[in-house]
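Chemist: In numbering that gives the first Met the number 0, the protein residues as written are 0 to 250. The beta-carbon is built from N, C-alpha and C at its ideal position, and this holds for glycine as well. Small disclaimer: the values here were computed from a predicted structure and weren't measured.
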Amino acid sequence: MIQLTIIKITEYGPWTLTLGSDREHELQMLQANLYGQIQKMFSEKNSLVFSNRFDEFFAVTNGLTLEDHIEFQKKLEKLSSLKLSMSIGYANTPFDANIKAYEGKKTPVILNKEHNIYGFIDGKSDQKVTIMHFDVEDLTSRRKIKSPYEISSIIFNLYAKMSQFFLERKSMTFFMGGDNFMVVSADNSKENAKEFLDLAKEEFDITLNCGIGTARTVREAVKLATKSLDTIREIRKSGKEKPEIYELSCI
Numbered sequence: 000m001i002q003l004t005i006i007k008i009t010e011y012g013p014w015t016l017t018l019g020s021d022r023e024h025e026l027q028m029l030q031a032n033l034y035g036q037i038q039k040m041f042s043e044k045n046s047l048v049f050s051n052r053f054d055e056f057f058a059v060t061n062g063l064t065l066e067d068h069i070e071f072q073k074k075l076e077k078l079s080s081l082k083l084s085m086s087i088g089y090a091n092t093p094f095d096a097n098i099k100a101y102e103g104k105k106t107p108v109i110l111n112k113e114h115n116i117y118g119f120i121d122g123k124s125d126q127k128v129t130i131m132h133f134d135v136e137d138l139t140s141r142r143k144i145k146s147p148y149e150i151s152s153i154i155f156n157l158y159a160k161m162s163q164f165f166l167e168r169k170s171m172t173f174f175m176g177g178d179n180f181m182v183v184s185a186d187n188s189k190e191n192a193k194e195f196l197d198l199a200k201e202e203f204d205i206t207l208n209c210g211i212g213t214a215r216t217v218r219e220a221v222k223l224a225t226k227s228l229d230t231i232r233e234i235r236k237s238g239k240e241k242p243e244i245y246e247l248s249c250i
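Structure representation (structure tokens):
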């Protein structure tokens, strides 16, 4: 079982128009600052926030209560004039938790009207989350023959393919910058990772490494996934035959 919170700026489009036409630089700074504030709050409670279209964020919130979300909203209301909504959902897969949160906002199922919180909270203790952390093997060699913009185009095409591939498996993919991606994964993570690694080689001529971590909270799962990825690098540096996938779990 995984719990997910969708955080969205409300009435953002109409508000941006009040800034006039010379607004884009202000919006970019505002969005970056807001992401930093939200990430700090949620990570301090063992959650992690993924940016989605800049005016919307996804947080994996295993173990967080309604009271925690109210506390976040109170802090954010003091930090920004923008209004945010939070929609919470839980399910056996990340994608289904996203659907449940979406339906909670659409219906709406109001958890706290004053602080604009909707959806469904899971009070059970059997929550877990699996994170896949992917990076591109030897991107440096491509930089010798491709310009930075061409490299970005390759990475974004790979991201689009990865997003669709894992969406079909009820998992959710996020670009983390550089050549790094994280997938909030459903079951069969290792088998799905192997299938996508093969696809990336065939369609993009790209070799990926994948570290997998499973834990009760997303911060611990990400820590284990990144440690797994680091282990692959260490094995490669030692001169031994490296695995493409390495997995750690604390459950």
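Distance check for N115 and L33, CA to CA, integer angstroms please.
Modeler: The residue you call residue 33 lines up with position 34 of the sequence shown. The residue you call residue 115 lines up with position 116 of the sequence shown. Their Cα atoms are separated by approximately 17 Å.
Chemist: Report buried or exposed for F133, applying the criterion of at least 16 other Cβ atoms within 10 angstroms of its Cβ.
Modeler: Position 134 of the sequence shown holds residue 133. With 16 or more other Cβ atoms within 10 Å, it is buried.
Chemist: Do the segment 1-19 and the segment 78-86 meet, that is, are 3 or more Cβ pairs less than 8 Å apart?
Modeler: yes
Chemist: Here's a check: name, in chain order, each residue in its chain whose Cβ is nearer than 8 Å to the Cβ of L196, leaving out the five neighbours to either side.
Modeler: For the purposes of this step, residue 196 is taken as the residue at position 197 of the sequence shown. The residues are T206, L207, C209, E243, I244.
Chemist: Taking Cβ positions, are G103 and D95 nearer each other than 9 Å?
Modeler: By 1-based counting over the sequence shown, the position of residue 103 is 104. By 1-based counting over the sequence shown, the position of residue 95 is 96. No. Outside cutoff.
Chemist: Flag this pair as yes or no: are the beta carbons of L75 and M40 separated by less than 9 Å?
Modeler: Locating residue 75 in the sequence shown gives position 76, where the first residue counts as 1. Locating residue 40 in the sequence shown gives position 41, where the first residue counts as 1. Result yes, Cβ atoms of L75 and M40 sit closer than 9 Å.
Chemist: Starting from the Cα of K222, find the closest Cα among E246, E201, E240 and give me that residue.
Modeler: Residue mapping note: residue 222 aligns to position 223 of the sequence shown, counting from 1. Residue E246 holds the alpha-carbon nearest to the alpha-carbon of K222 among E246, E201, E240.
Chemist: Would you kindly work out how many angstroms separate the C-alpha atoms of I37 and V48, rounded to a whole number?
Modeler: For the purposes of this step, residue 37 is taken as residue 38 along the sequence shown, with counting starting at 1. For the purposes of this step, residue 48 is taken as residue 49 along the sequence shown, with counting starting at 1. Taking the straight line from one Cα to the other gives about 7 Å.
Chemist: Can you tell me which of the three DSSP states T106 falls into?
Modeler: Within the sequence shown, residue 106 is the residue found at index 107, counting from 1. The answer is coil: DSSP assigns T106 none of H, G, I, E or B.
Chemist: Take F165 and list the residues in its own chain whose beta-carbon comes closer than 6 Å to its own, dropping the five residues that flank it on each side.
Modeler: The residue given as residue 165 occupies position 166 in the sequence shown. Only T172, V182 meet the Cβ criterion.
Chemist: Candidates S188, E190, F155, L198: which alpha carbon is nearest N179's?
Modeler: Residue 179 sits at position 180 when you count from the first residue of the sequence shown. When each option's Cα is compared against that of N179, the closest is F155.
Chemist: Output needed for L157: all residues of its chain with C-beta closer than 7 Å, excluding positions within five of it in sequence on either side, in chain order.
Modeler: Start at 1 with the first residue of the sequence shown, and residue 157 comes out as number 158. Excluding sequence neighbours, L157 sits near A199, F203, I205.
Chemist: Measure from the alpha carbon of R235 to the alpha carbon of each residue in K145, D21, K112, D137, then state which is nearest.
Modeler: Against the sequence shown, residue 235 aligns to sequence position 236. The shortest Cα separation from R235 among K145, D21, K112, D137 belongs to D137.
Chemist: Give the range of the beta strand (DSSP E) segment to which D134 is assigned.
Modeler: One-based indexing of the sequence shown puts residue 134 at position 135. Element bounds for D134: 128-135.
Chemist: Going by the DSSP bridge assignment, what does A58 pair with across the sheet?
Modeler: Here residue 58 refers to the residue found at position 59 when the sequence shown is read from its first residue. DSSP output for A58 lists T4, V48 as bridge partner(s).
Chemist: Please confirm whether I253 and T129 have their CB atoms less than 9 Å apart.
Modeler: As shown, the chain starts at 0 and ends at 250. That puts residue 253 outside it, with no answer to give.
Chemist: Give the single residue among Q72, R141, E113, R168 whose Cα lies nearest to the Cα of N191.
Modeler: Counted from its first residue, the sequence shown places residue 191 at position 192. If we check each option's Cα against that of N191, R168 comes out closest.
Chemist: For a test of the three-state rule: what should DSSP assign to E233, helix, strand or coil?
Modeler: As a position in the sequence shown, residue 233 is number 234, starting the count at 1. Looking at E233 - three-state DSSP - the assignment turns out to be helix.
Chemist: Would you call the CB atoms of V217 and V59 closer than 9 Å?
Modeler: Taking the sequence shown and counting its residues from 1, one reaches residue 217 at position 218. Taking the sequence shown and counting its residues from 1, one reaches residue 59 at position 60. Yes, these two residues count as a Cβ contact at 9 Å.
Chemist: My understanding is that E219 touches N45, with C-beta atoms under 8 Å, so please give their C-beta distance in whole angstroms.
Modeler: The residue given as residue 219 occupies position 220 in the sequence shown. The residue given as residue 45 occupies position 46 in the sequence shown. Between N45 and E219 the Cβ distance is about 7 Å, and since that is below 8 Å, they are a contact.
Chemist: Could you pull the DSSP bridge partners for F180 from this structure?
Modeler: Start at 1 with the first residue of the sequence shown, and residue 180 comes out as number 181. F180 pairs with F133, F174.
Chemist: Can you give me the C-alpha to C-alpha distance between M131 and S170, rounded to a whole angstrom?
Modeler: The residue given as residue 131 occupies position 132 in the sequence shown. The residue given as residue 170 occupies position 171 in the sequence shown. Each residue's Cα considered, the two are about 10 Å apart.
Chemist: Distance, Cα to Cα, N97 vs S162?
Modeler: The count along the sequence shown starts at 1 and reaches residue 97 at position 98. The count along the sequence shown starts at 1 and reaches residue 162 at position 163. Straight-line Cα distance between these residues: approximately 15 Å.
Chemist: For the ligand ADP, is there a heavy atom less than 8 Å away from the beta-carbon of L3?
Modeler: Looking for the ligand ADP in the displayed structure turns up nothing, as the structure carries no ligands at all.
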